[in-house]
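Numbered by this note's numbering, the letters in the sequence shown go through residues 90 to 254 in order. Note that the Cβ used here is the ideal one computed from N, Cα and C, for glycine as well. Data first, discussion second: the structure below is written as structure tokens.
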Amino acid sequence: MSKLTWLPALVMIPLLAACNQGIANGDKEVTPEMDNVISTAIVEHNEPKFEKTDEQFEVHKIYGTKEGDGTIDVYLYTLYEGYDLATGDDIQAGASLPAHIQLKEEGNHYTVVKYEEPDDGSTHQSSLESIFPKKLAKKAMKDEGSAAGLDQDMKKIVHAWLEES
């Protein structure tokens, strides 16, 4: 094989590595405190958008994180649902979608400085691709329609709440 055949590969490998630099897979960089801040922000964001329920819950799947400029970008899929005691585990309100949350560490605490969801309808895919890194947007698109497999996690939380109430 000639040297010219290898030249494009030698140029592309470092370029591809640079494109993915800084994105951590999964939730290995998300602390329990960050996780709690994320869930609280999602519930607070969604609560006014839906009919009032006795309790609201949120579970999510982290696709990746990226740190930079004093902030941490978290790319995730969220399942938000509201329930009433009178109707048990019948969902009264809810949403499931990808989201981008930017956190800022202030002392020993985190605050949400940015919350983004992709548009609905015909601009959904392009909107998702504009707020997520490309490889994470593809993962999120695959999870749409199945709530990223978060249904069982939600059921456990809801049943625990019903047993306590």
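**Item:** Rounded straight-line distance, which links the Cα of H213 to that of A236
**Value:** Counting from one through the sequence shown, the residue named residue 236 turns up at place 147. Counting from one through the sequence shown, the residue named residue 213 turns up at place 124. If I take the Cα positions, the gap works out to 16 Å.
**Message:** When you compare the CB positions of L168 and M243, do they come within less than 8 Å of one another, or not?
**Reply:** Against the sequence shown, residue 168 aligns to sequence position 79. Against the sequence shown, residue 243 aligns to sequence position 154. Result yes, Cβ atoms of L168 and M243 sit closer than 8 Å.
**Request:** Specify the secondary structure class of Q181 as computed by DSSP and reduced to three states.
**Result:** Taking the sequence shown and counting its residues from 1, the one referred to as residue 181 is at position 92. Three-state DSSP puts Q181 in coil, outside helix and strand.
**Item:** DSSP bridge partner residues for H134 (one or two, in chain order)
**Value:** As a first step, residue 134 is located in the sequence shown; it is residue number 45 there, counting from the start. Answer is none; H134 lacks a bridge partner.
**Request:** Could you have a look at T120 and say whether DSSP puts it in helix, strand or coil?
**Result:** Here residue 120 refers to the residue found at position 31 when the sequence shown is read from its first residue. T120 carries a coil assignment under DSSP once its states are collapsed to helix, strand and coil.
**Asked** What number of angstroms, rounded off, separates the C-alpha of K201 from the C-alpha of S254?
**Response** Walking along the sequence shown from the start, residue 201 turns up at place 112. Walking along the sequence shown from the start, residue 254 turns up at place 165. The question names Lys, but residue 201 is Val in the sequence shown. Each residue's alpha carbon lies about 31 Å from the other.
**Item:** Own chain residues within Cβ distance below 6 Å of I163, not counting five before or after
**Value:** For the purposes of this step, residue 163 is identified with residue 74 of the sequence shown, where counting begins at 1. The sequence shown places Val at residue 163, not Ile. Once the five neighbours on either side are set aside, the close Cβ partners of V163 are T154, I190.
**Distance between beta carbons of L192 and M123, contact taken as under 8 Å** = The residue labelled residue 123 in the question sits at position 34 within the sequence shown. The residue labelled residue 192 in the question sits at position 103 within the sequence shown. About 6 Å separates the two Cβ atoms, so the contact holds.
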